[in-house]
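Quick notes on the structure that follows.
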Amino acid sequence: MSTDFYTTYIFPHSGIIIKLCRAYTNSQEDFEDYYQEVCLQIFRSRESFREESKWSTWVYRVSLNVCLTLLKKKKNSKQYFVSDALPVQETEDNYAFSDESLNLLYDAIRKLSEIDRAVITLYLEERPYKEIAAVIGTSPNNIGVRVTRIKTRLKKILDGKIN
C-alpha cells in the first residue's frame, strides 16, 4: 500500500476505523491486527468502490465487515493448549484511553451484540441515521429505534444492572 493512498483515502477516516476495531477487540495486539487488516482490505478492494455511496460510507462498511469476519474467525479457531503453567489472564485495554470514562464506555460497548456495536460506534461518530442505515443495511427509522434501545442497554450496563 502506498503512503499516498493511506494519506489520501484511509487516514481521513482513521477515527472510525480505530473506533470499530476497538469495539471488536480486547487487546492491543488484536486491535493492531484488525486495524492493519482493515487498511489492507480497503486498499485491495478499492477498485470495487462503485461510487453508489460516499467513500466514507464504503470505508465504514468495509471496516465493519472485516471486523465481523475477524471476530468470527477468532471465535471459530479458539485453540486449546495443555500446560502445567498457570493460565495468563489476557489484559483488557492494554491500549486504554487516558480518560477512564471512555474506557468504561468501550467496555460496555463490547458487551453489545456485533451489529449494535457497529450502530452505536457510527452514532458516536455523529453519522446521520441514513448513512448508518446504508452501512448496516436497514432503514433509517430502524436505526433510530435501535439507537434508543442501545443507549438504554448501555446505561444499564454502565450502572451495573447488566453484566
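Quick note: the sequence shown, position 62, residue 60 per the working numbering, numbers continuous. Just so it is clear, CB atoms sit at the ideal spot from N, CA and C, and this is done for glycine as well.
Around the Cβ of V36, a 10 Å sphere holds 16 or more other Cβ atoms; the residue is buried. Contact check for T55 against V133 passes: the beta carbons are separated by less than 8 angstroms.
Distance from the CA atom of G135 to the CA atom of A116, rounded to whole angstroms, is 12 angstroms.
DSSP, read as helix, strand or coil, puts Y4 in helix.
When rounded, the separation of the alpha-carbon atoms in E50 and G158 is 43 angstroms. Counting along the chain, F29 sits inside the alpha helix (DSSP H) bounded by residues Q26 to R42. Ranked by Cα distance from L122, the options S0, S43, F29 and G13 are led by G13.
In this structure, DSSP gives Y58 a helical state, which the three-state scheme calls helix. One Cα belongs to E27, the other to C19, and the distance between them is close to 11 angstroms. Contact check for D114 and I141: beta-carbon distance about 11 angstroms, past the 8 angstroms limit, so the pair fails to qualify.
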